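Worksheet: one structure, shown below.
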Amino acid sequence: MSFIAKPKIAHPGLPKNELGLTRRDYEGGMSTLCAGCGHDSITAAIIEACWQMSMRPEQLVKLSGIGCSSKTTAYFVGGGHGFNSVHGRMPSIATGAIAANKDLYYIGVSGDGDTLSIGFGQFAHAMRRNLNMLYIVENNGVYGLTKGQFSASADIGSKAKKGEENLQPPIDPVLAALTLGGTFVARSFSGDKEQLVPLIVAGMKHRGFALIDVLSPCVTFNDHEGSTKSYEFVRDHYDEVVHADFVPPAREITAQYAQGDTMPITMHDGSRILLRKLDPSYDPRHRGQAFNYLRDKLSQNEFVTGLIYIDEKSPEFHEVSGTTSTPVNQLPFAKLTPGSKGLESILKRYR
Amino acid sequence: MQHAASPDSPDRINDFVIKLANVNGTGSASANTLLMKSMFRMGIPVMGKNYFPSNIQGLPTWYEIRISREGYVARSDRIDFMVAMNAETYAKDVKDVRPGGYLLYDSTWPRPALLRRDDITIFGVPLARICNETFQGVRSRILLKNIVYAGVLGALLDIEIDVMRTLLGESYANKKSLLDSNVKALELGYNYAKEHFQCPLPLRVARMDKTANHIMIDGNTAAALGCMYAGATVGAWYPITPSTSLMDGFKSFCQKWRIDPETGKRNYVIVQCEDELAAIGTVIGAAWNGARSFTPTSGPGISLMNEFIGLAYYAEVPAVIFDIQRVGPSTGMPTRTQQCDLMIAAYASHGDTRHVLLFPNSPEECFYMAVQAFDLAERLQTPVFVMSDLDIGMNDWMCPDLKWDDAYVPDRGKVLTKEQLEQIDKFYRYFDKDGDAIPYRTLPGTHPKGAYFTRGSGHTQYGGYTEDSTEYQIVLDRLKRKFETAKTLVPTAVLDSRGSTSLGLVSLGSCDGAVREALDLLRRRGVQIDYMRVRAFPFGPEVEDFLTSHSQIFVVEQNRDAQLRSLLTLETAVEKARLHSILHYSGLPISSSVIVDGVLASAPEQRLAVGGRS
Numbered sequence: 001m002s003f004i005a006k007p008k009i010a011h012p013g014l015p016k017n018e019l020g021l022t023r024r025d026y027e028g029g030m031s032t033l034c035a036g037c038g039h040d041s042i043t044a045a046i047i048e049a050c051w052q053m054s055m056r057p058e059q060l061v062k063l064s065g066i067g068c069s070s071k072t073t074a075y076f077v078g079g080g081h082g083f084n085s086v087h088g089r090m091p092s093i094a095t096g097a098i099a100a101n102k103d104l105y106y107i108g109v110s111g112d113g114d115t116l117s118i119g120f121g122q123f124a125h126a127m128r129r130n131l132n133m134l135y136i137v138e139n140n141g142v143y144g145l146t147k148g149q150f151s152a153s154a155d156i157g158s159k160a161k162k163g164e165e166n167l168q169p170p171i172d173p174v175l176a177a178l179t180l181g182g183t184f185v186a187r188s189f190s191g192d193k194e195q196l197v198p199l200i201v202a203g204m205k206h207r208g209f210a211l212i213d214v215l216s217p218c219v220t221f222n223d224h225e226g227s228t229k230s231y232e233f234v235r236d237h238y239d240e241v242v243h244a245d246f247v248p249p250a251r252e253i254t255a256q257y258a259q260g261d262t263m264p265i266t267m268h269d270g271s272r273i274l275l276r277k278l279d280p281s282y283d284p285r286h287r288g289q290a291f292n293y294l295r296d297k298l299s300q301n302e303f304v305t306g307l308i309y310i311d312e313k314s315p316e317f318h319e320v321s322g323t324t325s326t327p328v329n330q331l332p333f334a335k336l337t338p339g340s341k342g343l344e345s346i347l348k349r350y351r
Numbered sequence: 352m353q354h355a356a357s358p359d360s361p362d363r364i365n366d367f368v369i370k371l372a373n374v375n376g377t378g379s380a381s382a383n384t385l386l387m388k389s390m391f392r393m394g395i396p397v398m399g400k401n402y403f404p405s406n407i408q409g410l411p412t413w414y415e416i417r418i419s420r421e422g423y424v425a426r427s428d429r430i431d432f433m434v435a436m437n438a439e440t441y442a443k444d445v446k447d448v449r450p451g452g453y454l455l456y457d458s459t460w461p462r463p464a465l466l467r468r469d470d471i472t473i474f475g476v477p478l479a480r481i482c483n484e485t486f487q488g489v490r491s492r493i494l495l496k497n498i499v500y501a502g503v504l505g506a507l508l509d510i511e512i513d514v515m516r517t518l519l520g521e522s523y524a525n526k527k528s529l530l531d532s533n534v535k536a537l538e539l540g541y542n543y544a545k546e547h548f549q550c551p552l553p554l555r556v557a558r559m560d561k562t563a564n565h566i567m568i569d570g571n572t573a574a575a576l577g578c579m580y581a582g583a584t585v586g587a588w589y590p591i592t593p594s595t596s597l598m599d600g601f602k603s604f605c606q607k608w609r610i611d612p613e614t615g616k617r618n619y620v621i622v623q624c625e626d627e628l629a630a631i632g633t634v635i636g637a638a639w640n641g642a643r644s645f646t647p648t649s650g651p652g653i654s655l656m657n658e659f660i661g662l663a664y665y666a667e668v669p670a671v672i673f674d675i676q677r678v679g680p681s682t683g684m685p686t687r688t689q690q691c692d693l694m695i696a697a698y699a700s701h702g703d704t705r706h707v708l709l710f711p712n713s714p715e716e717c718f719y720m721a722v723q724a725f726d727l728a729e730r731l732q733t734p735v736f737v738m739s740d741l742d743i744g745m746n747d748w749m750c751p752d753l754k755w756d757d758a759y760v761p762d763r764g765k766v767l768t769k770e771q772l773e774q775i776d777k778f779y780r781y782f783d784k785d786g787d788a789i790p791y792r793t794l795p796g797t798h799p800k801g802a803y804f805t806r807g808s809g810h811t812q813y814g815g816y817t818e819d820s821t822e823y824q825i826v827l828d829r830l831k832r833k834f835e836t837a838k839t840l841v842p843t844a845v846l847d848s849r850g851s852t853s854l855g856l857v858s859l860g861s862c863d864g865a866v867r868e869a870l871d872l873l874r875r876r877g878v879q880i881d882y883m884r885v886r887a888f889p890f891g892p893e894v895e896d897f898l899t900s901h902s903q904i905f906v907v908e909q910n911r912d913a914q915l916r917s918l919l920t921l922e923t924a925v926e927k928a929r930l931h932s933i934l935h936y937s938g939l940p941i942s943s944s945v946i947v948d949g950v951l952a953s954a955p956e957q958r959l960a961v962g963g964r965s
C-alpha cells in the first residue's frame with residue numbers, strides 16, 4: 001500500500017464529463033491493498049466507468065462483504081454511500097437496499113471466498129431474484145487477509161505459495177451464474193481495462209443482475225509459478241469470445257467491424273452494447289451454448305472472457321414484485337396507513 | 352333419555368373450560384372457532400388456545416375454550432367438558448376431565464368399557480353415522496362431523512343457535528352450497544342433543560354484555576396490522592413456526608390497503624428470503640436505505656441472525672425483529688410456547704452488545720408495540736425486538752378495540768435532509784452532537800456531502816476506519832450511553848400496587864393474565880402482593896424502585912433458567928437472594944395455579960396472612 005495521500009487539487013486541464021466532473025471526482029479513499037494488487041486496477045476501471053457514465057456520485061450505492069475485495073468499495077466514488085457488511089452476506093443487504101429504493105445504481109464488490117464459499121447461498125439467491133445491480137467478483141483463488149489459503153475458485157493442480165497443491169474442483173462463478181439464471185454474465189481480467197470498463201458500464205445499465213467475474217491476481221499470495229491465477233498464467237490463457245462496447249443512447253455506432261461479427265443489443269434505457277464476436281459462431285443470447293462453450297474451453301485450460309451471456313428481457317426484482325414506481329422509501333406516510341376509519345372496517349372481521 | 356347432571360355439580364354459568372380433542376387436518380378449527388365466537392357474540396368473555404402438533408395431518412391436536420365471566424384470559428388447568436373426537440388420545444382425554452365433568456364422543460364406534468368413568472357424565476352421539484347418512488363425499492363427511500358436534504354443544508351449553516347460524520352465514524357468504532350443508536350439520540347436532548339429552552346442562556352459558564367494543568384477534572395478526580400502520584414498506588422473512596402468520600397477515604393487509612389505486616402496483620415489498628440470515632440482512636439493507644423494515648421469526652431464526660444483529664448495533668442501523676418465541680433449545684417443540692429467548696435477544700451477537708426489547712402481554716400490545724418498535728428503532732438507530740410468543744401470536748385473545756390516532760407522525764429519527772446537508776460544513780456519522788449519544792445519519796442518494804462508509808469494523812466518531820484504541824473506545828462508550836437514552840424512551844413498567852411493602856411480583860408478556868388471576872385468588876386468601884409487569888428492556892428507573900421497595904420478590908416467567916431474573920440481577924442493583932423464581936416451561940401457556948402454588952410454597956409463612964396450599 002501507499003502511504004502518501006494524493007493531493008486533493010486536480011489539474012485544471014483534466015477532461016470533464018457531462019456533469020463537469022473529472023475522473024478525480026470519482027475517486028475514494030486511499031487503497032490499503034498491496035502494491036500491484038489486481039483489485040486496484042478494478043477500482044480504477046470502476047472509477048473510469050462511473051466517470052464515462054456521468055453518474056452523479058450520490059446516485060451510486062457501494063456494497064460489499066468481507067475480504068480484500070470488499071475493502072475496495074471505500075476506494076472509489078467517495079460521494080456515494082458505502083456499506084461494508086458481514087462476510088458473504090452483501091447480497092441480502094443489497095436486496096433490502098434495492099427493495100427500499102429502486103432508483104439508485106447498486107454495485108456489489110465481492111471476492112471468491114465471499115461469493116463462492118461463505119456467501120454462495122446469498123449469491124445464488126440474489127441472482128434468482130434478478131436484483132438490479134452490478135455484482136463484481138474480484139477472483140484471485142486465494143484468501144489474502146488470512147494469508148494464503150486456497151479458495152473455492154482455486155483450480156485442481158494449482159499450487160499455493162509454499163507448494164501445496166489444490167485437489168478439490170473449483171466452483172466457477174460464471175458457470176454457476178449460467179445455470180442459476182443470471183441475466184448478464186461476464187468474465188474479465190483486471191489487467192485488461194479496455195475490456196473491463198465497457199463491461200462495467202454495460203453491467204450497470206443492465207436491468208437486472210449483472211455478474212462480472214474478474215480474474216484479479218493476488219501479488220502477495222498467488223502470483224507464483226504453478227498458480228493458475230497468476231498474472232502470467234491468466235495472460236497466457238485468457239480468450240475473449242465477445243467484446244462489448246457500450247454506446248450511449250444519443251451516440252451513433254461509428255466503429256467499423258467486419259460484417260456479421262457485430263451484434264448491437266439495446267438496453268432498457270435506449271443505450272446499446274455493441275458486441276464484437278471474436279468467434280463468429282458464438283451467440284451470447286443462447287444460455288446452453290454459452291455453457292457448453294465455456295466448459296469446452298475450461299477443459300483446455302482457457303478462461304473465456306467478455307460478455308458471455310445477456311438476456312435483457314427477463315423481469316428484474318421489482319417488476320416481478322409489482323412494486324410501485326416511486327421508491328418505497330419515498331412514499332408519503334398518508335399512502336401507507338388506512339387511518340382510524342380504515343381500522344374500524346378492518347376490525348369488523350374480528351368481532 | 353340420558354340424564355346429564357351429576358349429583359355434585361351446581362349450576363356453573365359462564366365459568367368453565369371446554370377442551371376439544373381432534374385429529375390434525377380434519378377441519379376441526381372452523382367448528383372450534385364457531386363455538387368460541389358464538390359465545391363471544393353472546394357477550395361472554397372467552398379465550399381460545401390451540402395445542403397443535405408440528406405436523407400437517409394425522410397427529411393429535413387440542414383446542415381449549417375457557418369461558419370466564421370474570422374475563423380471565425389465562426389457561427385453566429381444569430377441564431369441565433371434553434369433546435373426545437380422537438380415538439388415539441381418548442384414554443388420556445377421558446382421564447383429564449375433572450370429577451363431575453362431561454365428555455362427548457362419537458358413538459358410531461363403541462369405546463371400550465375400560466375407558467369409562469363413573470364420576471363424569473358421558474354423552475355418546477353417532478356423529479359419523481349422522482354425517483354418512485346425510486352428506487355425500489368422504490371429505491365433506493369428515494369436515495361436517497365437526498359442525499355436528501358444535502351443534503350438540505350448542506344445545507347442551509345453551510349457546511344461541513341463531514348466533515351460530517349467523518356466524519356460519521358470514522363464513523360462507525359467497526358459498527351457498529357450503530352454507531347449506533354447514534347449517535344442516537349444525538341443526539342435526541343441535542336437534543339430536545335436544546332429543547336425546549336433558550338440555551341445557553347446569554354447566555352452560557347465558558348472555559352477558561362484556562364483549563362490546565372488544566375483538567377476538569391473535570397477536571401475529573395484530574402485530575402485522577401494527578406494521579402496516581407504522582408505515583413499514585419492506586418485510587423480509589423466512590417461514591418459521593410460530594411467526595409465519597405475521598407475514599401472512601402483513602401480506603393480506605397490504606393486498607387490501609397498499610395497492611396504488613391508479614396503477615394497481617404495490618406500495619410495499621415483501622421478500623421471502625433463503626434463510627433468516629438473508630432476512631435480517633434484507634431488513635438492515637432496507638432500513639439503512641430509509642425504509643421501515645421488519646422481520647418476523649422465532650428462536651432458531653434469532654440464533655442465525657446474531658452476526659447481523661451485531662452489525663446493526665455497531666453500525667447503528669435500525670431494524671425491527673418480531674421474535675415469536677417457541678420452546679427451545681434447538682428445534683425444541685416448535686408448536687409450543689415459552690419465553691426462552693430473553694437472554695439471547697438482550698445480548699445477541701458477539702462483542703459488547705445490548706438491545707432494546709419490548710414485551711407485549713397481548714395482541715393489543717402487539718399492535719401498539721409494533722408501531723413503537725419502528726419509532727424506537729429509527730430514533731435510537733438500533734435493532735429493536737418485539738418479544739411475543741406462540742401463545743400470544745397464534746391464539747385468539749379477547750382485546751379491547753384497537754385504536755388509531757390519525758395525528759400520529761412516525762418518528763424517523765435523526766436523518767439529515769438534502770437542505771440540511773447543504774448548510775453544514777462537513778458531516779460526521781458517529782459524532783454525538785446533541786449529547787444524547789444519538790448521532791445523525793444520512794440516506795443514500797441524498798447529497799454527496801452526506802456520503803459515508805458504513806462498516807462493522809472499528810470506526811471513529813467521524814465515521815472513518817480505525818484500529819486506534821482511543822478512537823474505538825469513544826464510539827463504544829457512546830453506544831453504552833445511547834442505551835441509557837433508550838431507558839428514557841421505552842415503554843414503562845405497569846404497576847399494580849396492592850399495598851404490600853414486603854411482597855412484590857415481577858413478570859412479563861403472556862404471563863400477565865395468569866398473574867392477575869393468581870393475585871386475585873391470593874388476595875381472597877388474604878395474601879396481598881404488589882405486581883410489576885416489565886414492558887421493555889433496558890429497565891427504567893421505575894423497575895429499580897419497585898425492586899428496592901419490596902423485600903421479597905417473586906419473578907414469574909416461562910423458561911427453565913429464570914432469564915428475566917438473570918436480566919434483573921445483571922442490569923439493576925437488586926440482590927439476587929431477594930428474587931424468587933416461579934418458573935413454568937412445559938410448553939403449555941402458564942396457568943394461575945402455578946403462580947398461586949409457587950407463592951404459597953416459597954413465601955415464608957409468617958408473612959402470609961393465611962398460609963397453606965390450595
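Note that the protein sequences, when read in sequence, are chains Y and V.
The opening residue of the first sequence carries number 1 in our numbering; numbering runs sequentially from there.
The opening residue of the second sequence carries number 352 in our numbering; numbering runs sequentially from there.
C-beta: ideal position from N, C-alpha, C; glycine also.
Fair warning: this is a prediction, and the values are worked out from it, not measured in the lab.
Excluding sequence positions up to five before and after Asn910 of chain V, its CB lies within less than 8 Å of the CB of Gln689, Gln690, Cys691, Leu693, Leu934 and Tyr936, all in the same chain and listed in chain order. Buried is the label assigned to Thr797 of chain V, since at least 16 other Cβ atoms lie within 10 Å of its Cβ.
When C-alpha distances from Lys838 of chain V are compared across V:Lys754, V:Val885 and V:Val722, the shortest belongs to V:Val885.
The beta-carbon distance between Thr584 of chain V and Leu343 of chain Y, rounded to whole angstroms, is 19 Å. This is too long to meet the 8 Å contact definition.
Below the 7 Å Cβ cutoff, chain V contributes Asn618 as neighbours of Lys335 of chain Y, in chain order. Every candidate alpha helix (DSSP H) stretch fails here, since none sits fully inside the stretch 658–690 of chain V while reaching 4 residues.
At a cut-off of 3 residues, the continuous stretches assigned as beta strand (DSSP E) that sit fully inside the stretch 52–90 of chain Y are 60–64 and 81–84. For Pro647 of chain V, the enclosing beta strand (DSSP E) starts and ends at Ser644 to Thr648. Excluding sequence positions up to five before and after Ala94 of chain Y, its CB lies within less than 7 Å of the CB of Leu63, Tyr106, Gly108, Ala126, Leu131 and Met133, all in the same chain and listed in chain order.
The shortest CA-to-CA distance from Thr592 of chain V to any of V:Ala425, V:Tyr414, V:Gln723 and V:Glu627 is the one to V:Glu627. Around Tyr580 of chain V, the beta-carbon contacts reaching into chain Y at under 7 Å are Thr337. Within the stretch 41–65 of chain Y, the residues whose Cβ lies closer than 7 Å to some Cβ of chain V are Pro57, Glu58, Gln59 and Val61, listed in chain order. Comparing alpha-carbon positions, the option among Y:Val61, Y:Val185 and Y:Gly96 lying closest to His318 of chain Y turns out to be Y:Gly96. Distances from the CA of Cys37 of chain Y to each of Y:Pro170, Y:Asp112, Y:Asn222 and Y:Pro249 were compared; the closest alpha carbon is that of Y:Asn222. Secondary structure of Ala887 of chain V (DSSP, three-state): strand. Counting the other Cβ atoms within 10 Å of the Cβ of Glu240 of chain Y gives 16 or more, which makes it buried. Contact check between the stretch 305–312 of chain Y and the stretch 180–192 of chain Y: three or more CB pairs, one atom from each, fall below 8 Å, which counts as touching.
In this structure, Arg677 of chain V places its C-beta atom within 8 Å of the C-beta atom of Leu741 of chain V. The stretch 739–753 of chain V makes contact with the stretch 396–403 of chain V; the number of CB pairs closer than 8 Å reaches 3 or more.
Between Asp757 of chain V and chain Y, the shortest Cβ-Cβ separation is below 8 Å. When only Cα atoms are considered, Tyr759 of chain V and Gly577 of chain V end up about 13 Å apart. Going by C-alpha positions, Tyr719 of chain V is about 9 Å away from Lys754 of chain V.
The beta carbons of Thr793 of chain V and Phe778 of chain V sit closer together than 8 Å. In terms of Cα proximity to Lys388 of chain V, the closest of V:Asn533, V:Phe659, V:Ile566 and V:Asp611 is V:Ile566. Residue V:Thr704 holds the alpha-carbon nearest to the alpha-carbon of Gly661 of chain V among V:Thr704, V:Cys624, V:Met745 and V:Phe432. Along the stretch 635–657 of chain V, the positions whose C-beta sits under 9 Å from a C-beta of chain Y are Ile635, Gly636, Ala637, Ala638, Trp639, Asn640, Gly641, Ala642, Arg643 and Ser644, read in chain order. The residues Leu134, Tyr135, Ile136, Val137, Ala186, Arg187, Ser188, Leu196, Leu199, Ile200 and Gly203, in chain order, have a CB closer than 8 Å to that of Ile212 of chain Y in the same chain once the five nearest residues on each side in sequence are set aside. Scanning the stretch 558–607 of chain V for uninterrupted beta strand (DSSP E) segments of 3 residues or longer gives 565–569 and 585–588, listed from N- to C-terminal end. Only Ala74, Gly78, Gly79, Gly80, His81, Gly82, Phe83, Asn84, Ser85, Val86, Arg89, Ser92, Ile93, Ala94, Thr95, Gly96 and Ala97 from the stretch 73–97 of chain Y bring a Cβ to less than 7 Å from some Cβ of chain V. Counting only the Cα atoms, Glu484 of chain V lies some 48 Å from Phe673 of chain V. Of all residues in the stretch 790–815 of chain V, only Thr793, Leu794, Pro795, Gly796, Thr797, His798, Pro799, Lys800, Gly801, Ala802, Tyr803, Phe804, Thr805, Arg806, Gly807, Ser808 and Gly815 come within less than 9 Å of chain Y when Cβ atoms are compared, listed by chain position. Beta-bridge pairing by DSSP links Asn139 of chain Y to Y:Leu215.
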